[in-house]
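Enquirer: Have a look at this one.
Residue numbers (the working numbering): 4 to 102.
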């Protein structure tokens, strides 16, 4: 789903994709993520959010991503990360370069 001019990720939009392992939302125009944006993605191991317009990462945004190993937030405009944003994750790679 990269380079699709997406601006939002509605809560529950991925709720029926519980076997999805890799999701590329890079190079869109996403400016914010809400709690519930990634509900249903319990098997997701890789999430690319590079090249968007994210400015803040809120606590619990990634709370249900229990299998997530790679989170790529390269080239956004992240200025604020709430305490607890990455709690419960077992990441092996977190890319916050060029924020």
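Even glycine gets a Cβ: it sits at the ideal position worked out from N, Cα and C.
Computed from a predicted structure; not experimentally measured.
Are there 16 or more other CB atoms within 10 angstroms of the CB of residue 29, so buried, or fewer, so exposed?
Expert: Mapped onto the chain shown, residue 29 falls at position 26. Buried is the call here.
Enquirer: For the beta strand (DSSP E) that contains residue 50, what are its first and last residues?
Expert: For the purposes of this step, residue 50 is taken as residue 47 along the chain shown, with counting starting at 1. Segment 49-51, the beta strand (DSSP E) holding residue 50.
Enquirer: Rounded C-beta distance between residue 65 and residue 88? I'm assuming under 8 Å.
Expert: Your numbering for residue 65 matches position 62 in the chain shown. Your numbering for residue 88 matches position 85 in the chain shown. So it is a contact: roughly 7 Å between Cβ atoms.
Enquirer: Here's a check: name, in chain order, each residue in its chain whose Cβ is nearer than 6 Å to the Cβ of residue 17, leaving out the five neighbours to either side.
Expert: Within the chain shown, the letter at position 14 stands for residue 17. Within the same chain, residue 17 has close Cβ partners 43, 44.
Enquirer: In whole angstroms, what is the alpha-carbon distance linking residue 7 and residue 48?
Expert: Within the chain shown, residue 7 is the residue found at index 4, counting from 1. Within the chain shown, residue 48 is the residue found at index 45, counting from 1. Approximately 22 Å between the Cα atoms of the pair.
Enquirer: Helix, strand or coil for residue 84 per DSSP?
Expert: Here residue 84 refers to the residue found at position 81 when the chain shown is read from its first residue. The answer is strand: DSSP assigns residue 84 an E or B state.
Enquirer: Is it buried or exposed for residue 93, if we count other Cβ within 10 angstroms and need 16 for buried?
Expert: As a working note, residue 93 is residue 90 in the chain shown. So residue 93 ends up on the exposed side.
Enquirer: Give the single residue among 86, 9, 19, 20 whose Cα lies nearest to the Cα of residue 59.
Expert: As a working note, residue 59 is residue 56 in the chain shown. Ranking the options by Cα distance to residue 59, first place goes to 86.
Enquirer: Do residue 71 and residue 102 have their C-beta atoms closer together than 8 Å?
Expert: On the chain shown, residue 71 is found 68 positions in, with the first residue counted as 1. On the chain shown, residue 102 is found 99 positions in, with the first residue counted as 1. In this structure, residue 102 does not lie closer than 8 Å to residue 71 by Cβ.
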